[in-house]
Amino acid sequence: MGLIPEKFLEIFAHKKEELVAKKLLGSEEFDGELGEIINPYTKEVTTKYVKCDIEDAKKALDIAKKAFENTKKSPLKQRIDWINDVARKLEERKEEFAKYITLEVAKPLSQAKIEVERCIGNLKICAAEGYHILGETIPTDAENGVKTTSFYKRVPAGVVVAITPFNFPLNLVAHKIAPALLAGNSVVLKPTPEAPYTAYAFAKLFIESEYAIKDALSVVYGDAEVGSTLVKSPIPRVISFTGSVPVGKIIIQNAGIKKVALELGGNAATFVESTADIPYAAARCAVGAFANSGQVCISLQRIYVDEKIYDEFAEALAKEVEKLKVGSPFEEDTFMGPLINEEAAIRAENWIQSAISEGARIVAGGKREGNILYPTVLADVTDDMKIVCEEVFAPVVSLVKVKGYDEAVQKMNNSPYGLQYSIFTNRIDLMQKAIEDFEAGGVIVNDIPTLRFDIQPYGGVKLSGIGREGPKYALEEYTEIKTVIIK
7 MGLIPEKFLE IFAHKKEELV AKKLLGSEEF DGELGEIINP YTKEVTTKYV
57 KCDIEDAKKA LDIAKKAFEN TKKSPLKQRI DWINDVARKL EERKEEFAKY
107 ITLEVAKPLS QAKIEVERCI GNLKICAAEG YHILGETIPT DAENGVKTTS
157 FYKRVPAGVV VAITPFNFPL NLVAHKIAPA LLAGNSVVLK PTPEAPYTAY
207 AFAKLFIESE YAIKDALSVV YGDAEVGSTL VKSPIPRVIS FTGSVPVGKI
257 IIQNAGIKKV ALELGGNAAT FVESTADIPY AAARCAVGAF ANSGQVCISL
307 QRIYVDEKIY DEFAEALAKE VEKLKVGSPF EEDTFMGPLI NEEAAIRAEN
357 WIQSAISEGA RIVAGGKREG NILYPTVLAD VTDDMKIVCE EVFAPVVSLV
407 KVKGYDEAVQ KMNNSPYGLQ YSIFTNRIDL MQKAIEDFEA GGVIVNDIPT
457 LRFDIQPYGG VKLSGIGREG PKYALEEYTE IKTVIIK
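Position 320 (the sequence shown) corresponds to 326 in my numbering; numbering is contiguous.
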């Protein structure tokens with residue numbers, strides 16, 4: 007592992023210490039005791055951030071509560087222009103933001119650039135949805151003959167607390183704060199501790215915009231105590247969280263009577279049916295399983311393969327994995343870099359060894375070097391192995407042999423999670439059956455369950471979460487319905 011390339015250092019203005027994420031309490035930023043972010047690949051300090059505490063969280067909430075009096079009265083046009091302005095500014099600095107992502111979480115630069123492009127598109131879609139925050143008239147005389155002028159309208163919910171993860175430190179922030187602000191709320195953002203500068207720089211685009219509403223957005227960094235303070239407070243009316251199931255459960259237990267939106271674990275699965283295009287399916291499954299080192303909620307973790315093509319598919323997948331370049335995230339052609347920390351890599355390695363001891367075999371990968379776990383394909387995996395029962399969140403995918411569609415569906419649905427599933431087949435009848443039979447928030451036909459478009463509703467069933475993201479659908483999470491009757 008080498009040092010950070012020179013081409014990345016220009017964003018430090020020749021002094022890395024200048025890349026400091028300050029706490030943003032409304033429109034003001036503050037210094038304080040600094041923490042450090044160490045790049046998972048180089049092990050160098052790349053950014054610093056001002057540590058926040060419980061008092062900072064309380065101040066941010068108080069500021070947001072006062073700001074809501076203005077945000078809810080602000081013209082919708084101003085908020086639409088605000089989101090569009092941020093999209094324009096981000097587009098002007100997209101190379102810079104991609105480097106922030108790679109510096110902080112070691113996402114391969116090519117994938118960091120894709121995340122920034124997605125974020126720009128996401129913001130534009132969000133702004134356009136501002137023209138469709140609609141109500142509806144209600145014919146009350148249809149009920150009992152009493153004619154009134156009745157309708158409902160959507161109004162901002164209030165203060166929104168947004169808590170985001172490390173795996174998409176830019177676009178997942180946008181998925182929360184852009185629709186929340188567009189709807190007329192004020193927001194307190196607690197970004198991932200692993201990428202504070204990415205969130206800080208993004209928040210500054212909002213705060214410094216000519217269309218910004220004063221104090222509408224605050225940013226605090228911190229540990230579980232800061233998050234708990236935000237969640238338990240009576241001030242927020244919406245908590246939006248993306249992360250693990252255990253933390254999601256804690257939020258539900260502590261939030262009280264509020265709107266809560268949770269995007270949690272996935273354990274995504276696909277079924278490769280006997281009529282599928284095997285080379286295509288194998289190539290796509292390699293991408294779905296190993297993009298971002300498997301650190302994606304909809305990363306492909308379970309592949310159920312018809313026994314007629316099991317061996318052929320396993321061989322094809324192994325060949326596709328061999329093509330993936332693993333190494334420095336700073337190089338444009340790297341497909342997979344390190345996991346977020348060595349603890350995550352060791353944990354996944356232990357799960358692999360446990361599966362092998364229970365009868366699984368390695369088809370590809372299995373090697374670990376520090377934070378890097380090479381893309382691993384396991385065959386002969388059975389239903390009772392931990393590697394398929396829980397979300398591994400690492401570059402590991404398991405092949406499970408099945409007799410056909412019915413067995414595949416039963417095994418896929420036999421999971422506490424249900425975010426996205428997919429099927430590879432050329433049979434139209436099975437495509438139609440899968441859409442109805444798969445117990446998941448999303449079903450993909452002839453592609454990987456890792457496929458997501460930001461314009462679509464996104465979320466899961468069972469332990470995979472509550473509510474939906476995607477600009478149009480997030481607006482429903484961040485607004486309340488107010489009914490009006492005029493006699």
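Note that beta-carbon positions come from the ideal geometry of N, C-alpha and C, so glycine has one too. Quick caveat: nothing in here was measured; it's all calculated off a predicted structure.
Sequence-distant residues of its chain with Cβ nearer than 8 Å to residue i (five each side left out)
i	result
Asn90	Leu129, Lys130 and Ala133
Gly376	Met7, Pro344, Glu348 and Ala351
Ser215	Trp88, Asp91, Val92 and Lys95
Leu481	Glu135, Ile139, Arg160, Pro185, Leu188 and Ala189
Arg124	Asn177 and Asp460
Extent of the continuous beta strand (DSSP E) to which residue i belongs
i	result
Ala133	Note, Ala133: premise wrong, no beta strand (DSSP E); alpha helix (DSSP H) at Leu115 to Glu135.
Ile454	Looking at the DSSP string, Ile454 is not in any beta strand (DSSP E), and its letter there is neither H nor E.
Lys29	Lys29 to Leu31
Tyr227	From DSSP, Tyr227 is part of no beta strand (DSSP E); its letter is neither H nor E.
Arg308	Leu306 to Asp312
Leu384	Thr382 to Ala385
Phe277	Ala274 to Val278
Lys373	Taken as a continuous stretch (DSSP letters only), Lys373 belongs to no beta strand (DSSP E), as it is neither H nor E.
Glu482	Taken as a continuous stretch (DSSP letters only), Glu482 belongs to no beta strand (DSSP E), being part of the alpha helix (DSSP H) at Pro477 to Glu483.
Val194	Ser192 to Lys196
Within 7 Å, strictly: CB atoms of residue i and residue j
i	j	result
Ala66	Val253	no
Gln307	Val398	yes
Ala274	Pro455	yes
Leu330	Phe341	yes
Val327	Ala354	no
Val408	Tyr310	yes
Ser470	Tyr423	yes
Val152	Thr146	yes
Lys392	Trp357	yes
Thr281	Thr431	yes
Asp386	Gly372	no
Ile245	Lys220	no
Leu31	Ser305	no
Closest Cα partner of residue i within the set the options
i	options	result
Asp62	Glu39, Thr53 and Gln84	Glu39
Ser239	Lys159, Asp68 and Glu42	Asp68
Asn159	His138, Val152, Phe174 and Pro171	Inspection of the sequence shows that residue 159 is occupied by Lys rather than by Asn. With distances taken between Cα atoms, Lys159 lies closest to His138.
Arg118	Glu75, Ala73 and Ala201	For the sequence presented, residue 118 should be read as Ala rather than Arg. Checking every option, the nearest Cα to that of Ala118 belongs to Ala201.
Glu486	Thr170, Gly294, Ala186 and Met391	Ala186
Glu231	Cys58, Gly424 and Ser33	Cys58
Ile362	Asn45, Pro335 and Val394	Val394
Ala73	Lys54, Thr48, Ser192 and Ala180	Ser192
Ala279	Thr155, Val406, Val387 and Thr235	In the sequence on display, residue 279 carries Glu and not Ala. Glu279 has its Cα closest to that of Val406, out of Thr155, Val406, Val387 and Thr235.
Lys54	Ile60, Leu25 and Lys79	Leu25
Asn260	Glu75, Val244, Val237 and Ser246	Val237
Asn173	Val266, Tyr106, Cys303 and Ile126	Cys303
Asp453	Ala222, Ser299, Gly294 and Arg367	Gly294
Val266	Pro81, Val225, Leu82 and Gly164	Gly164
Cys291	Tyr427, Thr388, Ala222 and Val226	Tyr427
Lys493	Thr154, Lys49, Lys100 and Ala297	Thr154
Ile126	Lys64, Asn150 and Arg99	Arg99
Span of the alpha helix (DSSP H), counted from its first residue to its last, around residue i
i	result
Asp87	Leu82 to Glu98
Phe296	Ile284 to Phe296
Ala222	Neither: Ala222 is in no alpha helix (DSSP H) and is coded neither H nor E.
Arg353	Glu348 to Ser363
Ala209	Pro202 to Ile213
Leu187	Asn177 to Leu188
Leu25	Neither: Leu25 is in no alpha helix (DSSP H) and is coded neither H nor E.
DSSP bridge partner residues for residue i (one or two, in chain order)
i	result
Ile3	Not covered by the structure: residue 3. The range shown for the chain is 7 to 493.
Met342	Val332
Phe247	Ile169 and Leu268
Ile256	DSSP, once it has assigned bridges, lists no residue as partnering Ile256.
Lys159	Lys488
Pro242	Val165
Gln426	Gly448
Ser234	According to DSSP, which records beta bridges pairwise, Ser234 is partnered with nothing at all.
Val402	Thr382
Phe407	For clarity, residue 407 is Lys in the given sequence; the question names Phe instead. For Lys407, which the question treats as bridged, DSSP gives the partners Val311.
Glu39	Beta-bridge pairing links Glu39 to no other residue.
Gly471	Glu269
Cut-off 7 Å between Cβ atoms - residues of its own chain near residue i, not counting five sequence neighbours on either side
i	result
Gly476	Asp460, Ile461, Gln462, Pro463 and Tyr464
Lys13	none
Pro335	Tyr47, Thr108, Ala112, Lys113, Pro114, Leu115 and Gly343
Ile120	none
Residues near residue i in its chain [Cβ-Cβ closer than 6 Å; skip 5 each side]
i	result
His20	Bear in mind that a pLDDT of 41 at His20, under 50, signals an unreliable position, so the number given afterwards is only what the model happens to contain. Within the same chain, His20 has no close Cβ partners at all.
Leu457	Ile450
Val490	Phe157
Glu35	Lys28
Ser289	Strictly speaking, residue 289 in this sequence is Ala, with Ser absent from that position. Counting only Cβ-Cβ distances below 6 Å, and skipping sequence neighbours, we find Glu326.
Below-7 Å beta-carbon distance, residue i vs any chain D residue
i	result
Glu75	Note that chain D does not occur in the displayed structure, where there is just one protein chain.
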